[in-house]
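Down below is the structure, laid out as structure tokens.
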Amino acid sequence: MRSRRAGLTALGLLAAGLSPGVARAADEEIQVYMDEIGPPRRLGLDVHLNFVPDGRTAPDFAGQQASGGRTRITPEWSWALNPNLELGAYLPLMTVSRDGGFEADGIKGRLKWVAPRPDAQPWFWGLNFEIGRVKHDLDRNPWNAELKGIVGTRTGPWTLAANLNIDWVVSGPDQGAPADLQLALKAAYSLDKLTAVGVETYNALGTTRAPGRFDDNDHQTYLVVDRSFGRWDVNFGVGYGYGRPEDRWIVKAVIGVPIGPGA
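In structure tokens, the structure reads:
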């Protein structure tokens, strides 16, 4: 019965994600944050990959690198200070352009905190803060920041999670503009201990000053598979953009790379 209620909740969350919610290219990381934090004082590494086979080919501003045909490769390094607090760095942000050109584009740092909870409590929540600098061909504003609210639950075979993302410009031509809002949702069903299948949605909601209409915002929905291979973990998904999409089709993966001896 609890699994059935969780399934209905998942459908409700996804329906909310498809409700009205500014176009944005695929980020260097495409994932819904949950409560995972690595073992304390041990280096962790996730490699984010995404490829846009069908995206925008005309730049929005002079010197911009359009997203169509572009591959982004981003190592995410992590170091947990304790079971609830983790430092991270996206180092370096890298892209391979549609003509095969390779370049390093910047760096981002993050701080993630997850609230302590009893083992029997299915719900979790936390916060993630990121700040980083990117090259002009990715964003005309060099410094940007994001605050991410995290909430979710694990009930039976179901995992449900939601992120409310608030993005703002720290420095650049758009400094002082209202922050952008995005809602990211995930519903996954575990087939066994190693494999889960599910849906992830990423939905622009406009700004803190002016929520947008559905057709004026970028929405992406991914079919995803999460799979463990020994100490390696892979999240793989194929996404479709609608509303006013920056990218029509996106292929993405997050690969958890083991470092050092096993636990």
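In the numbering used here, the protein residues as written are 851 to 1113.
Quick reminder that beta carbons are idealized off the backbone N, C-alpha and C, glycines included.
Q: Going by DSSP, name the residue or residues bridged to Gly1015.
A: Residue identity check: residue 1015 is Asn in the sequence provided, not Gly. DSSP output for Asn1015 lists Lys998 and Gln1032 as bridge partner(s).
**Q.** C-alpha gap between Asp1097 and Ala908, whole angstroms
**A.** Rounded to whole angstroms, Asp1097 to Ala908 spans 12 Å at the Cα level.
Q: Could you tell me whether any non-hydrogen atom of the ligand ZN is closer than 8 Å to the CB of Asp910?
A: In the structure shown, the ligand ZN is absent, as is every other ligand, since no ligand is present at all.
Q | Beta-carbon separation (whole angstroms), Gln881 vs Leu988, contact threshold 8 Å | A | At roughly 19 Å, the Cβ-Cβ gap does not stay under 8 Å, so Gln881 and Leu988 are not in contact.
Q.
Which residue wins for smallest C-alpha separation from Ala1011, given the options Lys985, Thr1051 and Gly918?
A. Taking only the C-alpha atoms, the option nearest Ala1011 is Thr1051.
Q) Residues in its own chain within less than 6 Å of Pro1108 by CB, not counting five upstream and five downstream? A) Taking Pro1108 as the centre and dropping the five residues before and after it, the same chain places the C-beta of Arg1081 closer than 6 Å to its C-beta, in chain order.
Q. What first and last residue would you give for the beta strand (DSSP E) that runs through His986?
A. Premise fails: His986 is in no beta strand (DSSP E) and is neither H nor E.
(Q) Restricting to Cα atoms, I'd like to know which of Ala954, Ile981, Met884 and Glu879 is closest to Arg1004. (A) Taking only the C-alpha atoms, the option nearest Arg1004 is Met884.
Q | Phe1064, DSSP secondary structure in three states | A | Here Phe1064 sits in helix by DSSP.
(Q) Let me check understanding here. Comparing Cα to Cα, which of Pro972, Trp993, Gly976 and Phe952 lies closest to Leu961? (A) Among Pro972, Trp993, Gly976 and Phe952, the Cα nearest to that of Leu961 is on Gly976.
Q: Kindly list the residues whose CB is nearer than 8 Å to the CB of Arg891, restricted to its own chain and excluding five residues on each side of it in sequence; keep chain order.
A: Closer than 8 Å at the Cβ level, and outside the excluded window around Arg891, lie Trp929, Ala930 and Leu931.
Q. Which residues does DSSP pair with Asn1071 in a beta bridge?
A. Rather than Asn, the amino acid found at residue 1071 in this sequence is Thr. For Thr1071, which the question treats as bridged, DSSP gives the partners Thr1051 and Tyr1090.
Q.
Using only CA atoms, which one of Ala965, Arg920 and Pro889 lies nearest to Met944?
A. Here the closest residue by C-alpha is Arg920.
Q) Under 9 Å, do Leu898 and Val1104 count as touching if we go by C-beta distance? A) One point to set straight first is that residue 898 is His, not Leu, in the sequence displayed. Closer than 9 Å, so yes.
Q | With 16 other Cβ atoms within 10 Å as the buried cut-off, status of Ser917 | A | Burial check for Ser917: the Cβ neighbour count within 10 Å reaches 16 or more, so the residue is buried.
Q: Determine, using beta-carbon pairs with one atom in the segment 1018-1025 and one in the segment 993-1009, whether at least three such pairs fall under 8 Å.
A: The answer is yes - the segment 993-1009 touches the segment 1018-1025, with three or more Cβ pairs under 8 Å.
Q | Where the beta strand (DSSP E) through Lys962 begins and ends | A | Residues Phe952 to Val964.
Q. Between the C-alpha atoms of Thr1057 and Gly1110, what's the straight-line distance to the nearest angstrom?
A. Rounded to whole angstroms, the separation of the alpha carbons of Gly1110 and Thr1057 is 43 Å.
Q: Let me know the secondary structure DSSP gives Asn991 once reduced to three states.
A: Under the three-state reduction of DSSP output, Asn991 falls in the coil class, being neither helix nor strand.
Q: Just mark Leu1033 as buried or exposed, buried being the case when its beta carbon has 16 or more other beta carbons within 10 Å.
A: Around the beta carbon of Leu1033, 16 or more other beta carbons lie within 10 angstroms, which makes this residue buried.
Q.
Nearest by alpha-carbon distance to Val1084: which of Pro889, Leu1014, Leu895 and Glu878 is it?
A. Nearest C-alpha to Val1084: Leu895.
**Q.** Option nearest Gly1117 by Cα separation, candidates Gly1048, Ala1037, Asp1076 and Pro1028
**A.** Past the edges of the chain, shown from 851 to 1113, lies residue 1117, and the structure says nothing about it.
Q: Could you tell me the boundaries of the beta strand (DSSP E) in which Tyr940 lies?
A: DSSP places Tyr940 in the uninterrupted beta strand (DSSP E) bounded by Leu935 to Val946.
**Q.** Ala1037 versus Val1074: straight-line alpha-carbon distance, rounded
**A.** Cα-Cα distance, rounded: 10 Å.
Q | Own chain residues within Cβ distance below 7 Å of Arg874, not counting five before or after | A | Low local confidence applies: a pLDDT of 47 at Arg874 is under 50, so the model's placement there is unreliable, and no value is given.
Q: Within 10 angstroms of the Cβ of Thr1045, are there 16 or more other Cβ atoms? Answer buried if so, exposed if not.
A: Its Cβ having fewer than 16 others within 10 Å, Thr1045 is exposed.
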